[in-house]
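Just below is one structure, and these are the notes that go with it.
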Amino acid sequence: MTIAATTTASQQPVIHPGAESGSSAPALVVEDLRKYYPVGGALFRKATSFIHAVDGVSFQVARGESLGLVGESGCGKTTTAKMLVKLIEPTDGKIVVRDRHEQMVDLATLGGRDTKLFRRSAQMIYQDPYESLNPRRTVFDTIAEPLVVQGIGSLHDRESRVGRMMSQVGLTPIGNYMFRFPHELSGGQRQRVAIARALILEPTLVVADEPTSMLDVSVRSNIMQLMLDMRERLNATFVYITHDVAVARYMCDRIAVMYLGKIIEIGRTEDILEHPIHPYTRALISAVPVPDPGFVRPKVDIKGGIARPVDPPKRCRFYDRCPLASKVCEDNDHPPLTPRDGDRLVACYNA
Ligand SMILES: Nc1ncnc2c1ncn2[C@@H]1O[C@H](COP(=O)(O)OP(=O)(O)OP(=O)(O)O)[C@@H](O)[C@H]1O
Ligand code: SF4
Ligand SMILES: [Mg+2]
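Add 32 to the 1-based position in the sequence shown for this note's numbering, that's all there is to it.
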């Protein structure tokens, strides 16, 4: 992996983890992305405090690659996901996506019409298959909806595309499901419908936000395998969000670990799982069961729970919970991501 450095408006160097040398060109480039939400403002009073939901996140993902965004509740995973598909606007920073015509598109430059076209290239799969489907729409209407919105195909074409998509996601026999409503389906079947709807336009970028976390354990691995198959079929770039490291191990080529709005470690999945460097990553990984019963991984304890990042101090975000915290951490700003062994980046002064 090469690590490219550019500068932002504030002239801070930005490291781009994941710029693969020689292999596939990047399909998604995220630079110093931020989203701040005002707290406690009123009609005639401007907010003076802000939640730093996402606070200076940079990464790259290659075409066909899957990057996991991993971290505890509230660390900014969903906020990042929504910005990647332009469902919400960043406070600052840049997102560039390779579209279906191989053009690199800066999302900030897209107006209404271009945003609609961009939706052909980038789709999101949501956590809750109960909420994400309209209860009054049949399976056919739901999966065909993106084709209708984009004005693609005649009714006959749409029927055959929806039918093909249904068999690819395992909603067969097609005739049994085509005209059912969401309340007539199981959770796993609903998520298959949601995946079919997201993939029918053959997007080049898919952002999946904890798509199996609300499903029964018995259907989770089927849905994960389905997404792996579809990713290969479409050669799509995946950003896969999960708080579950075991899921990330199964689904992702690389993992970015987030903590209170920042990426604190990023690298290849097996490297991070076998040899986590950042103390927070070590604590996360130590909680995951190991397949080899003879291997006992030392448990790393961290104190306290994740806080809401309202006007966080400049020092390391993990300082209050960190077993390695020292004076250098207290006296300096949050550490930058720096290269470690192989192609890993870690944000820590002491690890
Ligand atoms: N619309 C909003 N207005 C105000 N604060 C928000 C908003 N959306 C998210 N936040 C806050 O931003 C932070 C990050 O939230 P986000 O939903 O991105 O976390 P997450 O990592 O997806 O968590 P989870 O694992 O629970 O889904 C949290 O502190 C959350 O309370
Ligand atoms: S920089 Fe200091 S406080 Fe932050 S994770 Fe590293 S050791 Fe802990
Ligand atoms: Mg979330």
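Every residue, glycine too, gets a C-beta built ideally from N, C-alpha and C.
Of all the alpha helix (DSSP H) runs that stay within the bounds of the stretch 146 to 205, which reach a length of 4 or more residues? 171 to 182, 187 to 200
Enumerate in chain order the residues of its own chain whose CB-to-CB distance from L119 is below 6 Å, with the five nearest sequence positions on each side excluded. none
Is T110 near ligand 1, with its Cβ less than 7 Å from a heavy atom? yes
The alpha helix (DSSP H) that contains G125, what's its start and end? That residue, G125, is in no alpha helix (DSSP H); its beta strand (DSSP E) goes 124 to 130.
Identify every residue that forms a DSSP beta bridge with I273. L101, D241
Alpha helix (DSSP H) segments (min. 4 residues) lying fully within the stretch 331 to 371: 359 to 363
Measuring from the CB of S358, is there a heavy atom of ligand 2 at a distance below 7 Å? yes
beta-carbon D276 near ligand 3 non-hydrogen atom, thresh 7 Å: no
I want to check one thing, is the minimum distance from the CB of Y69 to the heavy atoms of ligand 1 below 7 Å? yes
Along the chain, where does the alpha helix (DSSP H) that runs through P311 open and close? 311 to 318
Output the boundary residues of the beta strand (DSSP E) element that contains Q385. Past the edges of the chain, shown from 33 to 383, lies residue 385, and the structure says nothing about it.
Looking at C-alpha atoms only, which residue of F213, R229, V62, L369 is the closest neighbour of P167? F213
Report yes if the C-beta of Q195 is less than 7 Å from at least one heavy atom of ligand 1; otherwise report no. It is Gly, not Gln, that sits at residue 195 in the sequence shown. No; taking the cut-off as 7 Å, the Cβ of G195 has no heavy atom of ligand 1 nearer than that.
Mapping the DSSP letters down to three states, classify M290 as helix, strand or coil. strand
For L65, which three-state DSSP category applies? strand
Can you tell me which of the three DSSP states I120 falls into? coil
So, using beta-carbon positions, are M198 and A228 closer together than 8 Å? yes
Under a Cβ-count criterion, where at least 16 other Cβ atoms within 10 Å of its own Cβ denotes burial, should G207 be classed as buried or exposed? exposed
On the CB-based measure, 16 or more other CB atoms within 10 Å of its CB, does V279 come out buried or exposed? buried
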